[in-house]
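Encoded as structure tokens, the structure appears first; notes follow it.
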Amino acid sequence: MKYIPLTSLMIVITGSILFSQTVDRHFNPTYTWTTFKEDFSDTTLNRQVWKPTIRYKRGLGFLVDSIETIKVEEGNLLLMMKKSPGYLDSLWSPDGWKKEYSDYVGGEVNSIRKFQYGVFECRAKYAHKKGSWPAFWLFGDSAVLSPPGSIANEIDIAELARNGAYPKMMHVIHYYHPSKDAGITAHENPDRKIYSIARHEKYYTFKCIWTPQKIQYYIDDTLKHEVINNNYEWYPKLPLNVYLSQQVTQPETKKRRTKFIAPQASLFDWVTVKEFFLAPEITCPPAIAQQDTASLDVDERATNITWKLTPSELFSNSEGSGKSAIIRRIANNNGTGTITYTFNMPSGETFTVERDFN
Numbered sequence: 006m007k008y009i010p011l012t013s014l015m016i017v018i019t020g021s022i023l024f025s026q027t028v029d030r031h032f033n034p035t036y037t038w039t040t041f042k043e044d045f046s047d048t049t050l051n052r053q054v055w056k057p058t059i060r061y062k063r064g065l066g067f068l069v070d071s072i073e074t075i076k077v078e079e080g081n082l083l084l085m086m087k088k089s090p091g092y093l094d095s096l097w098s099p100d101g102w103k104k105e106y107s108d109y110v111g112g113e114v115n116s117i118r119k120f121q122y123g124v125f126e127c128r129a130k131y132a133h134k135k136g137s138w139p140a141f142w143l144f145g146d147s148a149v150l151s152p153p154g155s156i157a158n159e160i161d162i163a164e165l166a167r168n169g170a171y172p173k174m175m176h177v178i179h180y181y182h183p184s185k186d187a188g189i190t191a192h193e194n195p196d197r198k199i200y201s202i203a204r205h206e207k208y209y210t211f212k213c214i215w216t217p218q219k220i221q222y223y224i225d226d227t228l229k230h231e232v233i234n235n236n237y238e239w240y241p242k243l244p245l246n247v248y249l250s251q252q253v254t255q256p257e258t259k260k261r262r263t264k265f266i267a268p269q270a271s272l273f274d275w276v277t278v279k280e281f282f283l284a285p286e287i288t289c290p291p292a293i294a295q296q297d298t299a300s301l302d303v304d305e306r307a308t309n310i311t312w313k314l315t316p317s318e319l320f321s322n323s324e325g326s327g328k329s330a331i332i333r334r335i336a337n338n339n340g341t342g343t344i345t346y347t348f349n350m351p352s353g354e355t356f357t358v359e360r361d362f363n
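My numbering numbers the first residue of the sequence shown as 6 and each following residue consecutively.
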């Protein structure tokens with residue numbers, strides 16, 4: 006099995022027309038399988054999968070692990086922001102533990118598992134009244150936990166950039182690295198985009214496809230923007246956790262804070278991560294007069310591998326199983342044939358790849 010990027014392949018993907026193109030076999034979005042799926046069907050948060058954020062103050066609110074900020078209800082994860090005047094907690098700093106106060110609390114969870122490259126998607130209904138700051142994002146904390154000189158990345162897939170009567174969404178990439186003068190600093194990708202969403206509360210499906218070459222952002226399967234990696238230092242390249250957040254935004258002035266509306270809750274219906282696997286490749290002679298062999302080079306995790314020859318009247322054997330297929334033509338029955346392989350990944354998802362020959 007060779008994980009060679011940019012290999013010239015002769016394959017057909019779920020179609021009947023032979024084509025030739027340069028394909029990255031390792032990071033081809035056509036070949037992804039579901040490695041993480043959460044539909045919040047339990048009555049409580051699955052803490053074998055999710056870890057709540059606690060003792061962290063972001064914006065105007067502490068992130069708190071509480072039934073008032075994190076709960077599962079009717080097939081949704083509810084992350085809530087609430088007014089909590091004078092909430093007191095301890096935060097760790099280089100000088101040790103110190104006391105901090107906040108007027109609000111919010112909820113956030115992150116996946117215990119990390120992912121590197123793939124399709125990240127969730128369906129959510131964001132709270133967008135004054136003070137609300139929900140987000141669906143990816144983050145790796147290696148800049149904090151690893152030795153000096155390490156870096157960390159953040160991909161904000163769908164973050165509320167402006168709340169209130171005319172809410173706006175944002176996506177942005179952050180790059181964190183140690184700085185002699187400023188400690189851990191963040192650099193924003195200059196390709197940041199902000200766009201409007203509907204005023205009324207509704208569910209949206211947010212998605213990002215992340216490969217080493219580019220990141221694409223979607224809302225309800227409509228491509229909004231893509232960021233091409235031109236060997237940028239800040240381009241995300243580390244394994245990242247999935248984060249779901251309901252934070253409390255930082256206002257420009259204290260006067261604005263009095264207009265905040267609480268409580269508010271953002272609802273997350275489901276979250277999926279589809280990771281890439283090695284794109285399958287069929288080795289087969291371009292022309293078969295009487296008998297020859299085709300073979301499938303496929304990800305080692307594939308199972309239930311079967312093959313089929315069409316049109317069946319050209320062949321004395323039209324189907325079988327396994328990676329290797331013996332192709333036997335019926336005498337004097339010439340014409341273009343197609344071999345189609347079908348297989349499953351561990352998630353149970355079915356994939357096909359096919360190739361034509363004469």
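No residue lacks a Cβ here, since even glycine has one placed at the ideal position from N, Cα and C. Given the structure is predicted, the values throughout are model-derived calculations rather than measurements.
{"Query": "With a cut-off of 8 Å on the beta carbons, I'd call Tyr209 and Ile224 a contact; round off their distance for me.", "Result": "6 Å"}
{"Query": "Given 8 Å as the limit, is there contact between the segment 160–176 and the segment 301–318, that is, 3 or more CB pairs closer than that?", "Result": "no"}
{"Query": "Report the CB separation of Phe362 from Ile293 in whole angstroms; it is logged as a contact under 8 Å.", "Result": "6 Å"}
{"Query": "Only counting the same chain, and skipping five residues up and downstream in sequence, which positions put a Cβ closer than 8 Å to that of Ala187?", "Result": "At Ala187, the pLDDT of 41 sits below 50, so the modelled position is not reliable; the number obtained from the coordinates is stated separately. There are no such residues."}
{"Query": "Indicate whether Trp215 and Gly123 have their beta-carbon atoms separated by less than 8 Å.", "Result": "yes"}
{"Query": "Which word fits Asn236, buried or exposed, when buried means at least 16 other C-beta atoms lie within 10 angstroms of its C-beta?", "Result": "exposed"}
{"Query": "Just list the residues that DSSP pairs Gly353 with in beta bridges.", "Result": "According to DSSP, which records beta bridges pairwise, Gly353 is partnered with nothing at all."}
{"Query": "Quick check on the DSSP output: what are the complete beta strand (DSSP E) runs of length 3 or more inside the segment 48–95, in order along the chain?", "Result": "55–57, 61–63, 66–68, 75–78"}
{"Query": "Please work out which residues of its chain come closer than 7 Å, Cβ to Cβ, to Gly66, disregarding the five sequence neighbours upstream and downstream, and give them in chain order.", "Result": "Met86, Ser107, Tyr109, Val110, Gly111, Gln252, Val253"}
{"Query": "Between Arg128, Phe144, Lys134, which has its C-alpha nearest Ser116's C-alpha?", "Result": "Phe144"}
{"Query": "Is there at least one Cβ from chain C nearer than 8 Å to Asn158's Cβ?", "Result": "Within the model displayed, chain C is absent; a lone protein chain is all it includes."}
{"Query": "Can you give me the Cβ contacts of Phe32 inside the same chain, cut-off strictly under 8 Å, excluding the 5 residues immediately before and after it?", "Result": "Pro10, Tyr122, Thr216, Pro217, Gln218, Phe281"}
{"Query": "Measure from the alpha carbon of His133 to the alpha carbon of each residue in Lys119, Arg167, Glu231, then state which is nearest.", "Result": "Arg167"}
{"Query": "How would you label Trp102, buried or exposed, when you count the other beta carbons within 10 angstroms and need 16 or more for buried?", "Result": "exposed"}
{"Query": "Helix, strand or coil: which one does DSSP assign to Ser317?", "Result": "helix"}
{"Query": "Please classify His230: is it buried, with 16 or more other beta-carbons within 10 angstroms of its beta-carbon, or exposed?", "Result": "exposed"}
{"Query": "On a Cα-Cα basis, can you pick out the residue from Thr288, Tyr181, Thr277 that is closest to Trp239?", "Result": "Tyr181"}
{"Query": "Count the other C-beta atoms from every protein chain shown that fall within 10 angstroms of the C-beta of Asn309, then say buried if there are 16 or more, exposed otherwise.", "Result": "exposed"}
{"Query": "Hey, Met174 and Ile156: beta-carbon distance below 8 Å or not?", "Result": "no"}
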